[in-house]
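The numbering of the sequence shown is this note's numbering, which starts it at 1 and goes up by one. Here the structure is laid out as structure tokens; the discussion comes afterwards.
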Amino acid sequence: LRLQAESTCHRLLENPFIHCHLRLDPAAYVDACLYLFCSLPAKERESAVCDTFANYARECAQQHVVISWRTASLCGRVCPKGQVYSDCVSSCPPNCASPQPPGPAAALGQCREECVGGCECPPGLYLYQGNCLKRDDCPCFYRRRTYQSGDRIHQRCNTCVCRAGQWQCTGEKCAVQCRLMGALQVTTFDKKSYTLQGGDCPFTAVEDFVDRKLMVNVRCGEIPGARGGQMGYLKEISVTALHTTVTITDTGIVTLNGRRKALPVVTGDLAVRQASRSFLLIQAFGAQLLWYLEGPLALISLQPGFAHKVRGLCGTLTWTQHDDFTTPDGDIENSVASFAKKYTTEICVLPGGSPADACTTFTQKRDYAEAVCSVIHTAVFQACHDAVEREHYFRLCLLEVCGCAPERLCHCTVITAYAQHCAQEGVAVHWRNQTFCPVQCSGGQVYQECGRACGDSCSDGLSCGDATDGTGLRTCVPGCQCPPGLMQDHRGQCVPISMCPCTQGGKTYQPGAVIQNNCNTCLCEKGQFNCTQE
């Protein structure tokens, strides 16, 4: 028995254990092995010997000497396919989700330092769903979805490619959006949010102070049946592009340089179109503005070419918030009231101090506000929760509803803004129903959360592009629109484009109509006159 014990236990003195002898003397482990082998019953010897060998290997690993000593005939362990057994596995092994050791768990102090035995991937391979993969074969993750190596996704104006478990994205600056809603909640281009007591005052929302191409003004007015006093809600927007000014009221009245106009309005400087039954679209010099006709909401989008060239209630578009309250004099205000006062375009009195929390002032409305606004947190918007920060919109919704007359359905305006933001990020959420913010469409139209911004009506002709502005800001327009392949005619009916009439000189001509334009003959086709070139 003694010879058998020595034959077995003296393996600690041989390869591969000799690589650790200078760090850890094996004599005590050999003696322990001999004692256990000779004193234990035969059926317990193998387990005791293997534990002794494992203890030595584990101590060596603590000394940074890793020994792969197990074989099929010596203390072998069965691991899942592709994995190997180690006496000192990492408690934070490299895996496809956290490839770089020590990984986030270690940074949070969640990795154990002691050695424990177990199965792990061989060096150079990464664990994913129980399999050991090469780094290049690791998938990527985005919004709770898995993408294989080589897959591409789009993030605004950037394209990202999955390579070796990591997203590699282009670094283009994308278009940005400022949101003004209600009475008066502002989110700047650089995502700074604040509440302004607007009273009955006009403000400059966006001023292109460098090229002088663009000016956007908004006017606030008293809230009907609500807070009263000096609080105000968004009631009018004016856009000046060079020397052309268009003004739109909350009731949808459009004036061009002071004269009332029917839509569409197209000049050399700007264009105004009915994007859907709920939104008007204004386009001018790389700016796009959506004006909501069913509640106080304005969405102002600028291309990155406006960076460092604008100021106003919407901030500075510098991709940092610290200078958003820059005034026309170039200084930076700390308080909202002082900042807003610098951008009033008429002499008017702004309320002082911080705006009161409407849900504190009108406590009886808080329960109702929480009930109608909570849809933002429900499974209805689950797909958007990873794409757009929802708590911000929930707080805005509470403020609006608590300070709003119930019949105005102010929650619908805020949730419309949240849903539009979701759709803009590629997540269209169908959240309306017959009892919650219902919308009834007519003329063959259907409600869409991400309808096209231009090209829904025959009057738009063929002049519109796709649903993006060319800088990656997806111009999603909620509302009633014609189904794909159809366009809205002058009577509000959805018809094939071949049935679109033409307009010339204030007159409407049916498809196929022929008119003379000087010496040229013009044929009405697909909403446009095609003329000979004599």
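Just so it is clear, CB atoms sit at the ideal spot from N, CA and C, and this is done for glycine as well. Since the structure is predicted, the reported quantities are computational estimates derived from the model, not experimental observations.
Quick check: what's the CA-CA separation for residue i versus residue j?
| i | j | result |
| --- | --- | --- |
| Lys559 | Pro264 | Any answer about residue 559 is impossible in this case: the structure gives the chain only from 1 up to 534. |
| Leu445 | Phe209 | The question names Leu, yet the displayed sequence has Gln at residue 445. Computed Cα separation, rounded: 41 Å. |
| Ser193 | Val380 | 25 Å |
| Arg408 | Tyr509 | 40 Å |
| Phe394 | Gly443 | 34 Å |
| Pro104 | Glu236 | Only weak support is given to the placement of Pro104: the predicted model assigns it a pLDDT of 40, under 50, and the question is left unresolved by the model. |
| Val84 | Ala54 | 15 Å |
| Arg156 | Val116 | 46 Å |
| Ala321 | Ala298 | Checking the sequence shown, residue 321 turns out to be Gln, not Ala. Straight-line Cα distance between these residues: approximately 20 Å. |
| Pro94 | Gln129 | 13 Å |
| Cys458 | Gln364 | 48 Å |
| Asp250 | Tyr292 | 8 Å |
| Glu534 | Cys524 | 17 Å |
| Lys526 | Leu317 | 40 Å |
| Val495 | Leu486 | 5 Å |
| Leu12 | Trp69 | 10 Å |
| Asp51 | Cys96 | 32 Å |
| Leu396 | Gln440 | 26 Å |
| Cys522 | Arg145 | 54 Å |
| Lys538 | Gly492 | The requested residue 538 does not occur in the structure, where the chain is confined to residues 1 to 534. |
| Val30 | Lys134 | 39 Å |
| Asp331 | Ala453 | 37 Å |
| Ser7 | Ser149 | 51 Å |
| Ser238 | Ile153 | 37 Å |
| Asp386 | Arg143 | 6 Å |
| Ala106 | Val89 | Residue confidence is low: Ala106 scores 40 on pLDDT, short of 50, so the model does not pin down where it sits. No coordinate-derived value is stated. |
| Thr361 | Cys201 | 23 Å |
| Ala271 | Gln516 | 27 Å |
| Leu313 | Val186 | 8 Å |
| Trp319 | Thr413 | 27 Å |
| Ala5 | Val65 | 26 Å |
| Arg311 | Gln283 | 19 Å |
| Ile415 | Cys373 | 8 Å |
| Pro123 | Ser98 | 15 Å |
| Glu46 | Arg23 | 26 Å |
| Thr170 | Leu125 | 28 Å |
| Tyr147 | Asn158 | 17 Å |
| Leu34 | Cys9 | 6 Å |
| His308 | His392 | 26 Å |
| Arg211 | Cys384 | What sits at residue 211 in the sequence shown is Asp, not Arg. About 37 Å. |
| Glu222 | Ala183 | 9 Å |
| Ser335 | Gly505 | 52 Å |
| Glu294 | Asp324 | 29 Å |
Is residue j closer than 8 Å to residue i when the C-beta atoms are compared?
| i | j | result |
| --- | --- | --- |
| Gln168 | Val176 | no |
| Thr378 | Thr204 | no |
| Tyr447 | Val401 | no |
| Ala513 | Cys502 | yes |
| Leu180 | Leu234 | yes |
| Cys20 | Cys60 | yes |
| Val429 | Ala419 | yes |
| His411 | Val388 | no |
| Gly199 | Val375 | no |
| Pro304 | Lys173 | yes |
| Leu281 | Ala275 | yes |
| Arg58 | Asp25 | no |
| Thr195 | Gly315 | no |
| Ile300 | Val427 | no |
| Asp456 | Gln424 | no |
| Cys519 | Pro511 | no |
| Ala241 | Phe285 | yes |
Assuming residue i and residue j are in contact, meaning their beta carbons sit under 8 Å apart, how far apart are those beta carbons, in whole angstroms?
| i | j | result |
| --- | --- | --- |
| Val477 | Leu290 | 7 Å |
| Cys138 | Gly165 | 3 Å |
| Leu256 | Val246 | 5 Å |
| Arg555 | Cys404 | Because the chain is modelled from 1 through 534, residue 555 falls outside the range shown and cannot be assessed. |
| Arg273 | Asp460 | 6 Å |
| Leu398 | Cys359 | 5 Å |
| Pro328 | Lys342 | 6 Å |
| Phe621 | Ile67 | Since the first residue of the chain shown is 1 and the last is 534, residue 621 is not available in this structure. |
Quick one: is residue i near chain C, going by C-beta distance under 8 Å?
| i | result |
| --- | --- |
| Pro26 | Among the chains of the structure shown, chain C does not appear; only one protein chain is present. |
I'd like the ranges of any beta strand (DSSP E) spanning at least 3 consecutive residues and lying wholly in the region 373-433. none
Please give the ranges of any beta strand (DSSP E) in the region 116-172, keeping only runs that are unbroken, at least 3 residues long and fully inside the region. 116-120, 125-128, 131-134, 140-142, 145-147, 152-155, 158-163, 166-169
For a minimum of 3 consecutive residues, which ranges assigned as the beta strand (DSSP E) are wholly contained in the region 292-372? 297-302
For the 8 Å Cβ check, are there 3 or more pairs between the region 73-90 and the region 30-39? no
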